[in-house]
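Undergrad: Count along the sequence shown starting at 1, add 37, and that's the number in my numbering.
All C-beta atoms in this analysis are idealised placements derived from N, C-alpha and C, irrespective of residue type, glycine included.
Got a structure for you, questions after.
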Amino acid sequence: MSFTCNQILQKHTDIWHEATVHPFLENCKSGTIQPHQFNTWLVQDYLFVIDFTRMLARVLASAPPQHFDVILSGLAALKDELNWFKEKVAERQLNLATEKQPTCEQYCKYMHSLADMPYPVQATALWAIEFAYNQGWQLPGAMPAPYKEFADRWGNSDFTAYVKLLEQQADQVLQTASDSIQNQAEETFVKVAKFEKDFWQMAFNAVQ
Ligand SMILES: Cc1ncc(CN)c(N)n1
């Protein structure tokens, strides 16, 4: 029987909506997000992306060679993204020697734990993590400066095409996975969605 990322998504539209539609993003769109909320997100997301890069390297290590091209293109893009984060943090004179907040820490630990999961589960997690930002930054529509640059980074058409390729790779291996692995992939999708929602809330709750 067929089993795809889209089928998982259709079973969990409520939690996915919470992961991708949030007042944090709506306030970026209206220009009313407070600097301390945005800056909290920026520093915590930089710390997240460091661990996400490590996760992607571990996904590569588990992947079949025919999936290398797409994953390696993702790793190359992260090289640029990490440098870009450092520029954005410096422009705002923020402190990179900041501790991870508990939500960020828990999400990073979860990404680390994925290394013990079968590859179809890792591929589903990777797709879900990237799709969350692709949709989250795209759904509100055009954002004003300085948020436009952030929305464009994850909402642009090249990133959308990359996320589609991640979905195709995950679908390919989910198709022939056992029922138990398919269930784990679905649980992973739900976990990622909850972490994404909590991550926006963490930044939104930031105090000055
Ligand atoms: C929390 C989070 N989730 C996803 C992404 C996209 N790599 C991100 N930068 N940050």
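Which term fits F122, buried or exposed, when burial requires 16 or more other beta carbons within 10 angstroms of its beta carbon?
TA: buried
Undergrad: With distance defined between alpha-carbon atoms, name the residue in Y170, W53, W78 nearest to Y199.
TA: Y170
Undergrad: When you get a sec, list the residues whose CB is within less than 7 Å of any heavy atom of ligand 1, chain order please.
TA: D82, F85, V86, F89, Y144, I166, E167, A169, Y170, W191, E233, F236
Undergrad: If you follow the alpha helix (DSSP H) that Y156 is in, where does it begin and where does it stop?
TA: Its alpha helix (DSSP H) spans residues 156-175.
Undergrad: Can you tell me which of the three DSSP states M239 falls into?
TA: DSSP places M239 in helix when its eight states are reduced to three.
Undergrad: Among C65, V96, N43, which has the Cα closest to the Cα of P157?
TA: V96
Undergrad: Between A114, A179, V107, which lies nearest to N285 when the distance is taken from Cα to Cα?
TA: Because the chain is modelled from 38 through 245, residue 285 falls outside the range shown and cannot be assessed.
Undergrad: Let's see if you can read the secondary structure: which residues bound the alpha helix (DSSP H) around R95?
TA: 72-99
Undergrad: What is the DSSP secondary structure of M148, reduced to helix, strand or coil?
TA: helix
Undergrad: I'd like to check one pair, L131 with L79: are the Cβ atoms closer than 9 Å?
TA: yes
Undergrad: Determine the closest residue to R190 out of Q175, L203, E204, P181, with distance taken between C-alpha atoms.
TA: Q175
Undergrad: Excluding the five sequence neighbours on either side, which residues of its own chain have a C-beta within less than 6 Å of the C-beta of A188, listed in chain order?
TA: W174, M180
Undergrad: Can you tell me which of F196, A230, L211, A207 puts its alpha carbon nearest to the alpha carbon of G111?
TA: F196
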